[in-house]
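Encoded as structure tokens, the structure appears first; notes follow it.
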Amino acid sequence: VNSEQAMRRALGLARLGWGRVHPNPMVGAVVLAGEAPVGEGWHREWGGAHAEPSALAAAGGRARGATMVVTLMPCSHQGKQPPCTEAIIAAGIGEVVAAAADPNPEAEGGADRLRAAGIRVSAGLLECEARRQNAHFFHRHTGSRRPWVALKLATSLDHRIADRSGNSRWISGPDAREFVHRLRAGFAAVGIGGRTALRDDPALTVRGAIVPRIPPARVLFEGAEPLPPTLTALKSGSTAPAIVVTSPARWRSTSTRLAPAGIRVIAAVSLDEALELLRDLGIDSLLIEGGGRLAGALLAAELVDRYYQIQSPLWLGREGRPASGELAGGDLEASRRWDVVERRSLGADTLLVLDRIACSPVW
Ligand SMILES: NC(=O)c1ccc[n+]([C@@H]2O[C@H](COP(=O)([O-])OP(=O)(O)OC[C@H]3O[C@@H](n4cnc5c(N)ncnc54)[C@H](OP(=O)(O)O)[C@@H]3O)[C@@H](O)[C@H]2O)c1
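The following block contains the structure:
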């Protein structure tokens, strides 16, 4: 096993923290003695042991003189856990190979601390993979005032999200739907447009293999048609907060209708403002699950950071509902090319994951 293979393994381990460590980053680590992996670990639970001490514990005495391959530069600060740098130094690690630097200013200084103890340190191995894996975490440290926003749509081959009568259940197959439940588990909130809420009445809960540490809040964007408190996603007694975003003109009537049911109503003049208000409520990552109008408006405003397209092998034709609403454009030269993060099968469907802005390595 070389260090790149070990880093791929570490990235795979890190992913096991999805839904459990948020808003902390997912981190994985492998201890390599020569070319032999002798210990591995990952950040399993928010507030729990970090990846590095877990991997060191698994390696025991074999860590002496070995290389620590880790997806994020080890921290040197005392948080809920002791600094990882000290555990690495105490274990006698000879070299640290990190994928990405920690963007959190509080955790900075790890590399310097390790070097001062005589440990060789490098960063940048599979850096983009590591940053994409924790995109919400890196976004938070860019100074942006809105959440990291992902859009997920199940589409036909001709990029339609419902048939001519508005029926979209189900375009995608069971594997894709299971994937969506896993996806939801890692977000602070899941959101939909008002027409989708009224037509499909989805619960927007997580009902898959991963039980999120904090169930995602549900956000509904109200349009001209009022949203009733009887919608499944808004029902009181739900495990996660329900938030309705409406216009300032509708705020009073919507609040009168929904606030008594414990639903939070916020008024915004634009999607930008809505997202900032959601960020103020602690929502640092938001998964939008349609419909097409909301998707198109978010895309037009360049407010979508990642697109999860689940493409199913069927055509819905001209009268099917378009996936990206009234999104204007059409000029090839001016069209942005999105960055491919992942492409794989979900049963008969195909998952395509794209980032609007390509990762540019720092190292
Ligand atoms: N295949 C899939 O993945 C998928 C996912 C979700 C939904 N669907 C299907 O999509 C259909 C519904 O989609 P849709 O396109 O009709 O509507 P939609 O996107 O679900 O709903 C748009 C709603 O959001 C409101 N809204 C509030 N602020 C907005 C803004 N800034 N920009 C745009 N909208 C804003 C709209 O208001 P106004 O009323 O003022 O326009 C409208 O009520 C249904 O047939 C559903 O089954 C498919």
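If you read the sequence shown in my numbering, its first letter stands for residue 2, the second for the next number, and so on. Think of the CB as a built atom: it goes at the ideal place given N, C-alpha and C, for glycine as much as any other residue. Owing to the predicted nature of the structure, the values given are computational and were not obtained by experimental measurement.
(1) Any idea what DSSP makes of residue 134, helix, strand or coil?
(2) Rounded to a whole number of angstroms, what is the C-alpha to C-alpha distance between residue 56 and residue 28?
(3) Do the region 200-213 and the region 174-186 meet, that is, are 3 or more Cβ pairs less than 8 Å apart?
(4) Do residue 123 and residue 150 have their beta-carbon atoms positioned less than 8 Å apart in this structure?
(5) Taking the alpha helix (DSSP H) that residue 181 falls in, what are its first and last residues?
(6) According to DSSP, is residue 68 helix, strand or coil?
(7) Looking at residue 69: is its Cβ nearer than 8 Å to the Cβ of residue 90?
(8) Cβ of residue 167 within 8 Å of Cβ of residue 294?
(9) Please report the straight-line C-alpha distance between residue 65 and residue 102, rounded to a whole angstrom.
(10) Are the Cβ atoms of residue 324 and residue 156 separated by less than 8 Å?
(11) Assuming residue 204 and residue 234 make a contact with CB atoms under 8 Å, what is their CB distance in whole Å?
(12) How many Å lie between residue 77 and residue 87 at the Cα?
(13) So, helix, strand or coil for residue 6, using DSSP?
(14) Going by C-alpha distance, which of 246, 263, 261 and 67 is nearest residue 273?
(15) Is residue 180 near ligand 1, in the sense that its beta carbon is under 7 Å from a heavy atom of that ligand?
(16) Please return the same chain residues whose Cβ sits closer than 6 Å to the Cβ of residue 176, not counting the five positions on each side in sequence.
(17) Quick one: what's residue 33 bridged to in DSSP?
(18) How long is the line joining the alpha carbons of residue 240 and residue 216, rounded to whole angstroms?
(19) Roughly how many angstroms lie between the CA atoms of residue 35 and residue 67, to the nearest whole one?
(20) Provide the residue(s) that pair with residue 127 in DSSP beta bridges, ordered along the chain.
(21) Evaluate residue 159 with the Cβ neighbour count: other Cβ atoms within 10 Å of its Cβ, from every protein chain shown; 16 or more gives buried, anything less gives exposed.
(22) Run the proximity test for residue 322: is its beta-carbon closer than 7 Å to any non-hydrogen atom belonging to ligand 1?
(23) Considering only residues of the same chain and omitting the five flanking positions on each side of residue 116, which have a CB-CB separation below 7 Å?
(24) Please report how far the alpha carbon of residue 191 lies from the alpha carbon of residue 201, in whole angstroms.
With the given structure in hand:
(1) Taking the first residue of the sequence shown as position 1, residue 134 is located at position 133. Residue state for residue 134 is assigned as helix, using DSSP reduced to three classes.
(2) Residue numbering aside, residue 56 sits at position 55 when the sequence shown is read from its first letter. Residue numbering aside, residue 28 sits at position 27 when the sequence shown is read from its first letter. Per the coordinates, the alpha-carbon of residue 56 lies some 11 Å from the alpha-carbon of residue 28.
(3) The region 200-213 makes contact with the region 174-186; the number of CB pairs closer than 8 Å reaches 3 or more.
(4) Here residue 150 corresponds to residue number 149 of the sequence shown, with the count starting at 1. Here residue 123 corresponds to residue number 122 of the sequence shown, with the count starting at 1. No, Cβ-Cβ distance for residue 150 and residue 123 is not below 8 Å.
(5) Taking the sequence shown and counting its residues from 1, the one referred to as residue 181 is at position 180. Here the alpha helix (DSSP H) through residue 181 covers 175-186.
(6) As a working note, residue 68 is residue 67 in the sequence shown. Three-state DSSP puts residue 68 in a strand.
(7) For this step, residue 69 is matched to residue 68 along the sequence shown. For this step, residue 90 is matched to residue 89 along the sequence shown. Going by beta carbons, residue 69 and residue 90 fall outside the 8 Å limit.
(8) Within the sequence shown, the letter at position 166 stands for residue 167. Within the sequence shown, the letter at position 293 stands for residue 294. No, the pair does not count as a contact, with Cβ atoms beyond the cut-off.
(9) Here residue 65 is taken as the residue at index 64 of the sequence shown, counted from 1. Here residue 102 is taken as the residue at index 101 of the sequence shown, counted from 1. CA-CA distance, residue 65 to residue 102, rounds to 24 Å.
(10) Start at 1 with the first residue of the sequence shown, and residue 324 comes out as number 323. Start at 1 with the first residue of the sequence shown, and residue 156 comes out as number 155. Yes, Cβ-Cβ distance for residue 324 and residue 156 is below 8 Å.
(11) Stepping through the sequence shown from its first residue, residue 204 is reached at position 203. Stepping through the sequence shown from its first residue, residue 234 is reached at position 233. Confirmed, about 6 Å.
(12) Taking the sequence shown and counting its residues from 1, one reaches residue 77 at position 76. Taking the sequence shown and counting its residues from 1, one reaches residue 87 at position 86. Using only the alpha carbons, I get a separation of about 7 Å.
(13) To locate residue 6, count along the sequence shown from 1; it is residue 5. Residue 6 carries a helical assignment under DSSP once its states are collapsed to helix, strand and coil.
(14) By one-based count along the sequence shown, residue 273 stands at place 272. If we check each option's Cα against that of residue 273, 246 comes out closest.
(15) For the purposes of this step, residue 180 is identified with residue 179 of the sequence shown, where counting begins at 1. No, the Cβ of residue 180 stays beyond 7 Å of every heavy atom of ligand 1.
(16) Position 175 of the sequence shown, counted from the start, is the residue given in the question as residue 176. The answer, listed in chain order, is 347 and 348.
(17) As a position in the sequence shown, residue 33 is number 32, starting the count at 1. DSSP lists 38 and 68 as partners of residue 33.
(18) On the sequence shown, position 239 is the one that residue 240 refers to. On the sequence shown, position 215 is the one that residue 216 refers to. Their backbone Cα atoms lie some 7 Å apart in a straight line.
(19) To locate residue 35, count along the sequence shown from 1; it is residue 34. To locate residue 67, count along the sequence shown from 1; it is residue 66. About 7 Å.
(20) Position 126 of the sequence shown holds residue 127. In the DSSP output, where bridge partners are listed per residue, residue 127 has none listed.
(21) One-based indexing of the sequence shown puts residue 159 at position 158. When all chains shown are included, residue 159 counts as exposed.
(22) Looking up residue 322 in the sequence shown gives position 321. Between ligand 1 and residue 322, a heavy atom-to-CB distance of less than 7 Å is present.
(23) Translated into the one-based positions of the sequence shown, residue 116 becomes position 115. Correct list, in chain order: 122.
(24) Looking up residue 191 in the sequence shown gives position 190. Looking up residue 201 in the sequence shown gives position 200. Each residue's CA atom was taken as its position, placing residue 191 and residue 201 some 15 Å apart.
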